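Final position of the sequence shown in the working numbering is 845; the numbers increase by one with none missing.
For glycine and all other residues, C-beta sits at the position ideal for the given N, C-alpha and C.
Keep in mind it's a predicted model, so treat the numbers as computed, not measured.
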Amino acid sequence: MSKKEKLLAKCPWKEHKHAETGKIYFYNSETKESTWTEPEELTKVKEEADKVEETPIPPAPVVEPVKEPEEEVEEEVVYETKEDAKAAFKQLLNDKGVGSTATWEQALKLICRDKRYNALPKLNEKKQCFNAYKIQKRKKYRLRLCVDTTA
Numbered sequence: 695m696s697k698k699e700k701l702l703a704k705c706p707w708k709e710h711k712h713a714e715t716g717k718i719y720f721y722n723s724e725t726k727e728s729t730w731t732e733p734e735e736l737t738k739v740k741e742e743a744d745k746v747e748e749t750p751i752p753p754a755p756v757v758e759p760v761k762e763p764e765e766e767v768e769e770e771v772v773y774e775t776k777e778d779a780k781a782a783f784k785q786l787l788n789d790k791g792v793g794s795t796a797t798w799e800q801a802l803k804l805i806c807r808d809k810r811y812n813a814l815p816k817l818n819e820k821k822q823c824f825n826a827y828k829i830q831k832r833k834k835y836r837l838r839l840c841v842d843t844t845a
């Protein structure tokens, strides 16, 4: 909304066109008064609004758009076997530090932006591999505890 429109909107007098005759009339929404001649109050507001519009607005400074660095297009890695894909996915989990007590949602936040996340195409395969990774991680942890206590 321009400054002129804002000033005119504040005035209770509005200009309307008669539906049958097409003649212009003026209506005050506060007093419910109508008249065929333009009220003085509206005339003054229009004059003020015209003065506001005549005030030149300085042009906005020209800003060069910031060029973002081009993203490298990563080629999708194709694994020779399903076992290679599972190994890559488990390595991703290990590299990101996903623990044996992590939930799928917690792990997903850590791994979803890595290209190895797509090593396994189906979500259920990813979840199965994730659960197998957690079990394997727990076994290694327990084995480490047993070795430490016997030593």
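Put simply, the backbone Cα of Phe824 is about 41 Å away from that of Val760. In the DSSP assignment, Lys708 forms a beta bridge with Tyr721. Between Ala743 and Leu702 a beta carbon distance of about 6 Å is seen, short of the 8 Å cut, so the two are scored as contacting. Ala813 sits buried, since 16 or more C-beta atoms from the chains shown fall within 10 Å of its C-beta.
For Lys776, the enclosing alpha helix (DSSP H) begins and ends at 776-789. Within the same chain, Cβ atoms closer than 7 Å to the Cβ of Tyr835 are found at Ser794, the five residues on either side in sequence being excluded. Secondary structure at Thr729: strand, using DSSP grouped into helix, strand and coil. Only buried fits Lys820, as 16 or more other CB atoms lie within 10 angstroms of its CB. Scanning its chain for C-beta atoms nearer than 7 Å, with the 5 sequence neighbours on each side dropped, one finds around Glu732 the residues Phe720, in chain order. In the structure shown, the three-state DSSP call for Glu770 is coil. In this chain, the alpha helix (DSSP H) harbouring Ala801 covers 798-805. The residue among Arg810, Lys776, Ala796, Lys698 with its C-alpha nearest the C-alpha of Ile829 is Ala796. Burial state of Ala713 is exposed, judged by a 10 Å Cβ sphere holding fewer than 16 other Cβ atoms. Taking all protein chains shown into account, Val756 has fewer than 16 neighbouring C-beta atoms within 10 Å of its C-beta and is therefore exposed. Residues of the same chain with a CB within less than 8 Å of the CB of Arg810, apart from the 5 flanking positions on each side, are Val771, Ala782, Phe783, Gln785, Leu786 in chain order.
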